[in-house]
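Just so you know, we're using full-length UniProt numbering here: the sequence shown kicks off at 486 and counts up by one. Every residue gets a Cβ at the ideal spot worked out from N, C-alpha and C, and that includes glycine.
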Amino acid sequence: AEEAVRSDELVCHHDGAKGEVQWEISLLASLDRAIDNGEVWVAFQPKLDLLTNKVIGAEALARWSHPERGPISPEKFIGIAEEYHRIERITRFVLDKAVRAAASYVRDGHDFSVSVNISAQLLRNPRLPRMILEALAAHDLAPAHLILEITETDRLDRSAKTVQMMEELVAAGLRISIDDFGTGNATIDYLRYLPAAEVKIDKSFIREIDSNPGDHLLVQSIIEMAHSLGRQVVAEGVETAEALMLLRSLQCDQVQGYYVGRPVPFRDFTKHLPEKSVRTAG
Ligand code: C2E
Ligand code: MG
Ligand code: MG
Ligand code: MG
């Protein structure tokens with residue numbers, strides 16, 4: 486259930502400036518309304534397969550266009566949603582839009598998967614598997630077309646129920662991706678015990694890949710390591726043709742970034758899909 490802001494949340498939260506706390510509280514209050522009145526929406530960013538040179542999927546990214554404050558960064562409002570028990574509601578919303586979009590492309594004959602960001606925090610919520618399976622059922626999408634990108638913030642430990650939950654989701658046919666691999670908590674350790682089919686290299690490694698030999702070698706090593714463990718590799722933050730060509734030469738499987746396409750509303754995404762992947766009837 487969506488709880489109202491509790492007073493203890495207001496008191497315990499943040500050592501920062503009072504203004505910052507008040508800003509967060511007022512954002513939180515408007516976030517509760519924003520989903521209902523259409524201020525929150527979902528953008529889709531293409532994922533390009535480097536072997537076939539085709540867009541084979543998209544990442545669904547939450548967006549909030551506030552009527553007075555303008556666009557609010559997901560780094561900001563997702564963080565607030567995580568802290569104040571709103572992440573389940575936002576994820577339910579994003580999942581619904583993402584699964585609906587993927588189902589329509591799959592129906593049209595495209596080979597297409599959609600990726601949805603799942604906060605590590607949500608993996609401790611026993612309602613998660615049901616929420617996912619309900620979204621798939623509502624739009625009649627097979628689980629193989631949904632990828633869950635695990636975005637860290639909290640450490641996931643090996644013994645936790647979370648790993649068991651992931652294994653159940655994998656058994657149901659979904660794929661797990663380790664987001665922002667190589668930074669924060671998304672360490673090599675995750676490769677040992679998370680049932681992830683995909684590793685997504687953080688964009689900080691990609692930014693200078695064609696000018697910084699250290700970054701180049703690190704990315705090369707990550708790709709080799711992930712492949713040797715049977716995982717697919719996606720590079721995020723690909724902004725130039727040079728980076729894309731380099732990643733192709735390193736056998737990276739897929740790329741995502743402004744060079745391929747920015748996150749756009751669903752109605753604008755279709756232009757990224759290859760005509761040829763559509764199976765024509767008869
Ligand atoms: P992320 O999942 O790692 O998503 C990739 C971020 O990189 C997105 O930022 C995307 O717009 C940005 N990006 C894509 N290509 C490029 C590029 O070529 N260059 C640069 N500099 N950036 C690029 P965005 O949309 O601001 O999202 C930030 C983060 O917020 C996401 O990082 C994800 O962790 C979180 N997030 C977004 N939507 C959701 C959601 O529905 N649920 C959860 N739990 N987290 C979300
Ligand atoms: Mg992501
Ligand atoms: Mg990422
Ligand atoms: Mg991130």
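Check whether residue i and residue j have beta carbons under 7 Å apart
i	j	result
residue 636	residue 604	yes
residue 720	residue 686	yes
residue 620	residue 580	yes
residue 690	residue 586	no
residue 630	residue 598	yes
residue 554	residue 526	no
residue 675	residue 663	yes
residue 650	residue 661	no
residue 534	residue 739	yes
residue 595	residue 758	yes
residue 746	residue 724	no
residue 695	residue 735	no
residue 530	residue 748	yes
residue 565	residue 524	no
residue 589	residue 544	no
residue 657	residue 684	no
residue 722	residue 688	yes
Inter-residue spacing [alpha-carbon to alpha-carbon] between residue i and residue j
i	j	result
residue 670	residue 639	7 Å
residue 627	residue 708	28 Å
residue 614	residue 698	42 Å
residue 499	residue 704	Caution is warranted here: a pLDDT of 48 is assigned to residue 499, below 50, making its placement in the model unreliable, and no coordinate value can be reported.
residue 713	residue 668	20 Å
residue 487	residue 570	Low local confidence applies: a pLDDT of 42 at residue 487 is under 50, so the model's placement there is unreliable, with the coordinate-based value given in what follows. The alpha-carbon atoms of residue 487 and residue 570 are separated by roughly 7 Å.
residue 552	residue 517	14 Å
residue 514	residue 578	18 Å
residue 546	residue 609	21 Å
residue 505	residue 561	12 Å
residue 655	residue 606	18 Å
residue 567	residue 612	16 Å
residue 520	residue 602	17 Å
residue 700	residue 693	7 Å
Residue i burial status per 10 Å Cβ neighbour count (16 or more: buried)
i	result
residue 753	exposed
residue 634	buried
residue 512	buried
residue 550	exposed
residue 617	buried
residue 673	exposed
residue 642	exposed
residue 532	buried
residue 507	exposed
residue 492	Below a pLDDT of 50, predicted positions are generally treated as unreliable, and residue 492, at 39, falls in that range; no measurement from the model is reported.
residue 522	exposed
residue 582	buried
residue 760	exposed
residue 593	exposed
residue 756	exposed
residue 558	exposed
residue 622	exposed
residue 496	The pLDDT assigned to residue 496 is 39, lower than 50, so where the model puts this residue is not dependable; a value taken from the coordinates is nonetheless given after this. Exposed, because fewer than 16 other Cβ atoms sit within 10 Å of the Cβ of residue 496.
residue 659	buried
For residue i: DSSP bridge partner residues
i	result
residue 555	551
residue 670	DSSP lists no partner for residue 670.
residue 660	632
residue 610	According to DSSP, residue 610 bridges with nothing at all.
residue 532	542
**Report entry** Meets three-Cβ-pair contact criterion under 8 Å: the segment 565–574 and the segment 527–543
**Finding:** Note that the segment 565–574 does not touch the segment 527–543; fewer than 3 beta-carbon pairs, one per stretch, sit closer than 8 Å.
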